[in-house]
Every structure is written in C-alpha cells, then in structure tokens.
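**Q** Can you read through this structure? Questions will come right after.
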Amino acid sequence: MKYFRKNLYAIGLLFGVLIRVFGQEPNELLKTDVISEVSALKPGDSAWIGFTFVLKPGWHIYWKNSGESGYPTTIEWESGDAEFGPLKFPTPRNYQLMEMISYVHEDSFALLTRMTLDDDVQAGERVQVSGKLSTLVCNEENCIPFDKELRFEILSANATQYSSFEVQKINGFKNYWPVEAPPDTKLSLLVKGETVTLSVEHPKLKNLEADKFFFFPESTFFGHIEEQRFEISKDNFSVKVTLPRSLEDPPPLFLSGVLIHPKLDSGWDLKWSLQSSSYGESDGELSGTLSSPGTSLANDMDLNSLWLMLGLVTIAFGGWLYGKSTSAIHSSRIRQRYGLGALLFIGLGVWLGFPTEEEIEEGEIVWAEWSPEIQAKLLEQGRAVYVDYTAKWCASCLANKRVYEYENIKTLFEEKEIIALRADWTDRGPTIHESLQSFGREGVPLNVYYPPVAENAMDVTSLILPELLTSSNLSEAIEDGRVFQQEAKNGFWAILGFAFIGGVILNLMPCVFPVIGLKIMSFVKQAGENPKQIKIHGLLFTLGVILSFWLLVGTLLYLRETIGSDLGWGFQLQEPIFVFILAVFLLLFAMSLSGIFELGLSLTGVGSKLTQTGGLSSSFFSGVLATVVATPCMAPFLGVAVGAALTMEWFPAFIVFTFVALGLSAPYLILSVFPKWISRLPKPGAWMETFKQAMAFPLYGTVAWLLWTLQSLL
114 MKYFRKNLYA IGLLFGVLIR VFGQEPNELL KTDVISEVSA LKPGDSAWIG
164 FTFVLKPGWH IYWKNSGESG YPTTIEWESG DAEFGPLKFP TPRNYQLMEM
214 ISYVHEDSFA LLTRMTLDDD VQAGERVQVS GKLSTLVCNE ENCIPFDKEL
264 RFEILSANAT QYSSFEVQKI NGFKNYWPVE APPDTKLSLL VKGETVTLSV
314 EHPKLKNLEA DKFFFFPEST FFGHIEEQRF EISKDNFSVK VTLPRSLEDP
364 PPLFLSGVLI HPKLDSGWDL KWSLQSSSYG ESDGELSGTL SSPGTSLAND
414 MDLNSLWLML GLVTIAFGGW LYGKSTSAIH SSRIRQRYGL GALLFIGLGV
464 WLGFPTEEEI EEGEIVWAEW SPEIQAKLLE QGRAVYVDYT AKWCASCLAN
514 KRVYEYENIK TLFEEKEIIA LRADWTDRGP TIHESLQSFG REGVPLNVYY
564 PPVAENAMDV TSLILPELLT SSNLSEAIED GRVFQQEAKN GFWAILGFAF
614 IGGVILNLMP CVFPVIGLKI MSFVKQAGEN PKQIKIHGLL FTLGVILSFW
664 LLVGTLLYLR ETIGSDLGWG FQLQEPIFVF ILAVFLLLFA MSLSGIFELG
714 LSLTGVGSKL TQTGGLSSSF FSGVLATVVA TPCMAPFLGV AVGAALTMEW
764 FPAFIVFTFV ALGLSAPYLI LSVFPKWISR LPKPGAWMET FKQAMAFPLY
814 GTVAWLLWTL QSLL
C-alpha cells in the first residue's frame, strides 16, 4: 500500500508538470539574482559568488540530495578564465508528504561557490562568467521545472576590491551552512546487508534528546526513512542511527551527510572514509572511520610505556626496602618502617605501571591531529585554533602539558570553542618541520594560538606563546589576544633571578639528586677537617659546575651562529646517539651506587674514582657530573630563563647560565663557606651505604625516561 501511494504521488507530480502551463509561471514563484563579494578580482585570488533565492510561501526547491522525490538543485558554472569550487548549500529541512521524505529549501537563501581567477588573466580584462541553474519548484500540489541562465562579468584588477555590503550579505547566508564536525569527533560506520549504521561520538552530544536528531544523507548510497530512530549513550557521548542502504549504488570510497539537532548551533558536516577490507560476499560488511577533519588523540602523548617503566623502578625500590626489612642488623622498629615503606612503594609502582586506556572525560581538552589542510580549513571558517607543536622526547613539551589540566584553561577552551590541534614531531617529519620554520624555529616546543576572526578574513593573526607555558600567559593570550612578555615586563635582572632559583630547584630533581647525595656524604666525611680545605672543595665543585655550563652554552651559541637559527635548550635530547650514551652512563653510574660494580671497574669505576675519592679532583668532577645529568631535567623550571638566554648576545647569555650554575652549586658553596653547619649533619656510619644505594633508584627512573625518549626517536 505504501509503494502504491508513492507511485500515485509520483504520477501526480508528473501530471502537475504536464499542466504547468495552465498554472503559475516559475518566475512568479522563485526570484533569483547573482551575488558576488567583489567588484574586481586580482588574478590568482578567490572570491565567493553565487545565486540568491527568494521563494513564494508554500513552495520549495530541493537540496543536493533531493530524497525520495524531486531532483537535486544544480548550478553549472562556465568560464575559461576561472575555476569553481563545490557548491555550498545551507542546511536543508526534511519535508514529508504521502509517506515520502524529501530534503528541501524554503524562503530566502543563497547557493555559493568559491571562484578563483586564473593567474594568466591580464589586469583590466573583463572576465565573463555564466551559471546555469536547474531545479524543481514544488508545493503540495504541483512541481514545476525551473531552468535559468545568468551571465555576469568580473573585472580583473591589480588588487581585489571587496564590496562591504555584499560581503555582509554573504556572511549572513553562511550562518546557515553546516560546519565541519569538531576535529575530536569520532565517527564510525557499518554497512551490513541492507542497512547502514552510523555512530557519532563527541562530548557536545551528551544529554541531547535522541528524538530531535536528524541526519541528511548527502551520498545516494544512503536510503531514506520517514522516522530516524537515534540511540544515545550518555557514557561516551555518542549517538547511533540505522538507515537503509541503496542496493543500486556500489559502496563509494567516501560517505557524507549533515547531522542536526536544535541545541547544536549549526548542522555538522560529517564525512566517512570506507575501509573495504572486510567487505565481501561472506559477511557483506563494510566498516568506515572518520575521514576529516581529524582524529582525536590521547592527552597523555602515549605515556603508558613510560609509566610502566617508572612503575617497575618504583616496585624495585619497594623490593629493596623489603630486603632491608628482613635484615637482622636493624631493630624491630626500623624493620617495621622498612616493611611499611616497601608496601607503600610496591603499591605505588603497581598503580603507576598498571596499563590503562586513556578516556576523554567531560570538560577535558580534546586534541585532534594537526595537518596544514585542517588548520587552513578551520581558519577559513573563522574558528579559534590552538596548535601545540610537541614531541615525546621534548622535556619542555611534557612539562607544558600540565597547563592543559588547569580548570581555568579547560573552561577557556570550552567557552571560546577553541579547536586544539597537536603537531607531533616525534619522528621529525618534514611537514611539521616546514611549519616550524615558518615561525623561525628549528625545534619544539612551539605553541601558537589563532584567535577567531571573521570567516575568510584576509589577515589571520597568530600569537606565539613563550617556550614555557603558564596558566597566566596562556589565559592572557586567549582572553586579551596578546602574549605575556616576561623579559619586557621584568627585565634582565628578573631573568637572572629565574635562572638562579631554577638552578637551586634542580638539586631536587631525580637526575641530579643522586650526585648531590654523594656530595653531601663527602661533606659528612669532611666534618672536622680544616675549614680552609673544606672551602676549597666547595669552590672547586662550583667551578666544575660553572665551567661545564659555560662549555654547554658556548656550544649552543656556536651552533646557533653556524646553523643560523634558534636552538632550544635540550636540543641534544633529539639526537639518538647522545640519548643512548647518556642512558648508558647513568645506568652504569646507578649500578655503581647499588654496589654491583667494585670501584675501579669499567667506565663507572672511572667516574666513581673521580667523584668519590675525596680529593680535590673529586669535588671538581662532582660539579661536572651534576651539570651533565642536570640537562635532561632543566626544561620544566628553566624554560623562560634559558629560552631567553639563547636569543641574547654571547656575554649576557653567559651571565644567565652562570646564575643557573650558581643556583645549582649554592647549597654546597654555602656549606663550604660556613663549615660549622656541616657538624649538624649526621655522623658517618652504616647509614651512608644505605643512603648511597637508595640514590641509585632516581637514576634508574631517569634511565627509564631516557629509554622511552630513545624509543620515540627511532
């Protein structure tokens, strides 16, 4: 009965066409005119042109996919001197009559395309453009074919001339366009038998009424039904609908359509790329995934393997504590403390290393994979875009990730509807490198914010944030459209202050802490010695630190002058050979602290002799070693100071790094100047061997991080 009514309606439409001469004239039902945002166009430039439509009340024309009745509206553009992009339609509405559903446009709207003038067109030439419109004008009783050809010309000029009035009108029409789905949208699709099941996942879909969704299929592979039954899952913010499929059309490479809901600002333009590997006669299944604009990325930069290694190191430390708890040389109270510490660290290690799947929680910043094409599309739409150029081996990049967890930053990203893109340069690909060079950079981190602008604006502003992100400089860039300049506000002395404080904090970092522990023990051994001799030890330790920092900054500045571009601190961690050698050195040093090697054996024995013999050379090389192992841990606390220093001239840069060195060596220099304070340290004893062994585990953790970094580089 349903198909009989549909056929009856189709016959009625045909009958209406045959008797149209006795009805209303098409020109009385539909008024059209050409619209262009430019009066003159420079060769090579692009501009929006198209038709405006004004329909008589009660009449409609059809969308690019007409549905179960009518036929699609098309415009064929012709010009030998220009190229035309795809026709842009507003979001349609569903129209039901006689149990048939169609997708139509009513009232007033515009169909637009992007026209690009050929480069070889001479200035002053008038370019002729023609467009042939074909559509069907219908109401509940009649359908009348409407064909119209409009001709107009555009002046080729040395500069593009925009008409502000026409630009404003076109921007108004664009408000009714569907927009590309957010880059972090997850789409999936399954074709099985005679049905197509679509799934759309995004946090914005949470708590939306399922019965108010509607999907307009652009591809003819989709079939049509009067009532689309959406299912919504509030746990993962996804909606799902099953549609019939067209058995006449073969599976295309891409499927597309528009999803609407009253609580979404505009329709979402969805696109799927089909994977045909599972499609065949056996099961008749075809799977699909998101084609554009991008795929969502985990917020943790795939840190699971790093957490696993650190968890194992923590468990090993707990095992070491358990071994101490069974030693008969300790009192029962001390053994109980060791046992309790063992349980705590083993539990912590299991918690750190237990594999988990990162899930996007409500309110979290969701990242999408960066590409030049996605960025260009979003900026063309006038969207606010934030790009994080990062890499897994970049310590500064990992330190910056903490800022994205602040509630005020997450709120800003949500309120400003900022699209977060991540450019992962772990494999040092040429595309991201070229983008970095466009900002005058040769490495990461780099964080760039593009504030929202009028759609298709000619000038797009980019704000380059400082190398070390803070909540204040990021929020200031987003809210005020300007970048917090630390050097300009606080001057050179503030940078020296940051350098000194950062150097002091380095003493607490796991890279440096074991070396410092050994130095403290050397002070314990020196208690009661000649104060003058103690001062010499402290000065030599400080000299070792300062000379090492001078050597490093001198190398960096030389490379900067040679290469001709800026280098960020820690660039050496981008070189697999350096990372491997440093990891091996620290591993051997940690094993020496654990008592695996006897003094005098292998490379670690040499280092141990240099740093533990108690002579004057011991203090000097302890400073050198402290500097070497400090380089991987400097970025989180010294990004501002070091980043600024590497942009300065040679002399002020050396001054900044000297203050870092003084901060690192300050506690030991103070102890050597005031030797009476050394007497307050614990007396030498068996605890020193236990302390030395404990200092090995932070080094094992550093080795784990270096190995994770090395794996990312290979």
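In the numbering used here, the protein residues as written are 114 to 827. From the three backbone atoms N, C-alpha and C, an ideal C-beta is built for every residue, glycine too.
#1: Where does Gly180 fall in DSSP's three states?
#2: Work out the CA separation of Glu307 and Ile487 for me, nearest whole Å.
#3: With a cut-off of 8 Å, do at least 3 Cβ pairs link the stretch 252-267 to the stretch 278-290?
#4: Please go through the same chain and pick out, in chain order, the residues whose beta-carbon is closer than 7 Å to the beta-carbon of Leu782, but skip the five residues on each side of it.
#5: Pull up the distance between the alpha-carbon of Ile618 and that of Val786, whole angstroms please.
#6: Ordered along the chain, which non-local residues of its own chain (more than five positions away) have a Cβ less than 6 Å from that of Tyr451?
#7: Whose CA, out of Phe430, Asp324, Val352 and Lys353, lies closest to the CA of Glu340?
#8: Would you say the stretch 158-168 touches the stretch 207-216, given that touching needs at least three Cβ pairs under 8 Å?
#9: Where does Leu723 fall in DSSP's three states?
#10: What whole-angstrom Cβ distance do Ile174 and Thr165 have, given they're in contact under 8 Å?
#11: Which residues does DSSP list as the beta-bridge partners of Phe265?
#12: What residues in its chain sit with their C-beta under 8 Å from that of Ala270, if we drop five residues either side in the sequence?
#13: Anyone know if the C-beta pair for Arg358 and Val309 falls short of 8 Å?
#14: Below 8 Å, can you find three or more Cβ-Cβ pairs linking the stretch 503-523 to the stretch 456-469?
#15: Below 8 Å on the Cβ atoms is my guess for Leu142 versus Val242; work out the distance and round it to an integer in Å.
#16: Counting along the chain, where does the alpha helix (DSSP H) carrying Gly462 start and finish?
#17: Do three or more CB pairs link the stretch 802-813 to the stretch 695-711 at distances below 8 Å?
#18: If you follow the alpha helix (DSSP H) that Lys282 is in, where does it begin and where does it stop?
#19: Give me the DSSP bridge partner(s) of Met213.
#20: Exposed or buried, which one is Pro170 when buried takes at least 16 other CB atoms within 10 Å?
#21: Kindly confirm or deny that the stretch 314-324 and the stretch 503-512 touch, where touching means at least three C-beta pairs closer than 8 Å.
#22: Return the Cβ separation of Ser379 and Trp483 in integer angstroms, given the expectation that the two are a contact with Cβ distance under 8 Å.
#23: Who are the near neighbours of Ser501 in its chain, counting only those whose CB is closer than 6 Å to its CB and skipping five residues on each side?
#24: Which of the three DSSP states is assigned to Ala817 in this structure?
#25: Anyone know if the C-beta pair for Val557 and Ala590 falls short of 8 Å?
#26: Find the nearest neighbour of Phe526 within the set Trp663, Tyr671, Val426 and Ile478, judged by alpha-carbon distance.
#27: Quick one: Cα of Ser149 to Cα of Ser351, how far?
#28: Give the range of the alpha helix (DSSP H) segment to which Leu419 is assigned.
#29: Apart from the five residues just before and just after Ile532, which ones in its own chain have a Cβ nearer than 6 Å to its Cβ?
#30: Taking the beta strand (DSSP E) that Gly163 belongs to, which residues open and close that run?
#31: Which term fits Gly370, buried or exposed, when burial requires 16 or more other beta carbons within 10 angstroms of its beta carbon?
#32: Compare the C-alpha of Val769 against each of Gly542, Gly616, Ala195 and Asp260 and name the closest.
#33: Rounded to whole angstroms, how far is the Cβ of Glu254 from the Cβ of Met213, which I believe are closer than 8 Å?
#34: So what's Leu582 in DSSP terms, helix, strand or just coil?
#35: Can you list, in chain order, the residues of its chain with a C-beta nearer than 8 Å to that of Val354? Leave out the 5 residues immediately preceding and following it.
#36: According to DSSP, is Ser346 part of a helix, a strand, or is it coil?
**A** Concretely, from the data shown:
#1: Indexing the sequence shown from 1 puts residue 180 at position 67. Strand, per DSSP.
#2: The residue labelled residue 487 in the question sits at position 374 within the sequence shown. The residue labelled residue 307 in the question sits at position 194 within the sequence shown. One C-alpha to the other measures close to 34 Å.
#3: no
#4: By 1-based counting over the sequence shown, the position of residue 782 is 669. Closer than 7 Å at Cβ, skipping near neighbours: Gly651 and Thr655.
#5: By one-based count along the sequence shown, residue 618 stands at place 505. By one-based count along the sequence shown, residue 786 stands at place 673. Between Ile618 and Val786, the C-alpha separation is close to 20 Å.
#6: Stepping through the sequence shown from its first residue, residue 451 is reached at position 338. Leu434, Lys437 and Ser438.
#7: On the sequence shown, position 227 is the one that residue 340 refers to. Among Phe430, Asp324, Val352 and Lys353, the Cα nearest to that of Glu340 is on Asp324.
#8: Proximity of the stretch 158-168 to the stretch 207-216 falls short of the contact definition, fewer than three beta-carbon pairs being nearer than 8 Å.
#9: For this step, residue 723 is matched to residue 610 along the sequence shown. The predicted position of Leu723 is uncertain, since its pLDDT is 46 and thus under 50; a value taken from the coordinates is nonetheless stated next. Leu723 falls in the helix class under three-state DSSP.
#10: In the sequence shown, the residue the question calls residue 174 occupies position 61. In the sequence shown, the residue the question calls residue 165 occupies position 52. Between Thr165 and Ile174 the Cβ distance is about 13 Å, and since that is not below 8 Å, they are no contact.
#11: The residue given as residue 265 occupies position 152 in the sequence shown. Among the bridge pairs identified by DSSP, Phe265 is matched with Val242.
#12: Locating residue 270 in the sequence shown gives position 157, counting from the first residue. So the qualifying residues of the chain are Ala153, Leu154, Lys155, Ala236 and Gly237.
#13: The sequence position of residue 358 within the sequence shown is 245, counting from 1. The sequence position of residue 309 within the sequence shown is 196, counting from 1. For Arg358 and Val309, yes; Cβs fall inside 8 Å.
#14: Per the Cβ contact rule, the stretch 503-523 is not in contact with the stretch 456-469 (fewer than 3 Cβ pairs under 8 Å).
#15: Counting from 1 along the sequence shown, the entry for residue 142 is found at position 29. Counting from 1 along the sequence shown, the entry for residue 242 is found at position 129. Not quite, the Cβ-Cβ distance comes to about 26 Å (not below 8 Å), so this is no contact.
#16: Translated into the one-based positions of the sequence shown, residue 462 becomes position 349. Where Gly462 is concerned, the enclosing alpha helix (DSSP H) stretches over Ser445 to Gly466.
#17: Contact between the stretch 802-813 and the stretch 695-711 is established, with three or more Cβ pairs separated by less than 8 Å.
#18: Within the sequence shown, residue 282 is the residue found at index 169, counting from 1. Lys282 -> alpha helix (DSSP H) spans Ser277 to Lys287.
#19: Reading the sequence shown from its first residue, position 100 is the one you call residue 213. Per DSSP, Leu210.
#20: The residue labelled residue 170 in the question sits at position 57 within the sequence shown. So Pro170 counts as exposed.
#21: Flag = no, the stretch 314-324 and the stretch 503-512 do not touch.
#22: Residue 379 sits at position 266 when you count from the first residue of the sequence shown. Residue 483 sits at position 370 when you count from the first residue of the sequence shown. With a Cβ gap of about 24 Å, Ser379 and Trp483 do not count as contacting.
#23: Translated into positions along the sequence shown, residue 501 becomes position 388. Residue 501 is actually Asp in this sequence, not Ser. Counting only Cβ-Cβ distances below 6 Å, and skipping sequence neighbours, we find Arg535 and Asn560.
#24: Along the sequence shown, read from residue 1 onward, the residue named residue 817 stands at position 704. Three-state result, Ala817: helix.
#25: In the sequence shown, counting from the first residue as 1, residue 557 sits at position 444. In the sequence shown, counting from the first residue as 1, residue 590 sits at position 477. Not closer than 8 Å, so no.
#26: Translated into positions along the sequence shown, residue 526 becomes position 413. It is Ile478.
#27: For the purposes of this step, residue 149 is taken as the residue at position 36 of the sequence shown. For the purposes of this step, residue 351 is taken as the residue at position 238 of the sequence shown. In a straight line, the C-alpha of Ser149 is about 40 Å away from that of Ser351.
#28: Working through the sequence shown from its first residue, we reach residue 419 at position 306. Taken as a continuous stretch (DSSP letters only), the alpha helix (DSSP H) holding Leu419 covers Asn417 to Ser438.
#29: Within the sequence shown, residue 532 is the residue found at index 419, counting from 1. So the qualifying residues of the chain are Pro296, Leu491, Arg496 and Val498.
#30: In the sequence shown, the residue the question calls residue 163 occupies position 50. Looking at the DSSP string, the run of the beta strand (DSSP E) that includes Gly163 is Ser159 to Leu168.
#31: As a first step, residue 370 must be located in the sequence shown, where it is residue number 257. Flag for Gly370 reads buried.
#32: For the purposes of this step, residue 769 is identified with residue 656 of the sequence shown, where counting begins at 1. Answer by Cα proximity: Gly616.
#33: Reading the sequence shown from its first residue, position 141 is the one you call residue 254. Reading the sequence shown from its first residue, position 100 is the one you call residue 213. Actually they are not in contact, since the Cβ atoms of Glu254 and Met213 sit about 15 Å apart, beyond 8 Å.
#34: Counting from one through the sequence shown, the residue named residue 582 turns up at place 469. Three-state DSSP puts Leu582 in coil, outside helix and strand.
#35: Residue 354 sits at position 241 when you count from the first residue of the sequence shown. Result list for Val354: Thr310, Leu311, Phe326, Phe328, Gln341, Arg342, Phe343 and Glu344, in chain order.
#36: As a first step, residue 346 is located in the sequence shown; it is residue number 233 there, counting from the start. Ser346: strand per DSSP, three-state reduction.
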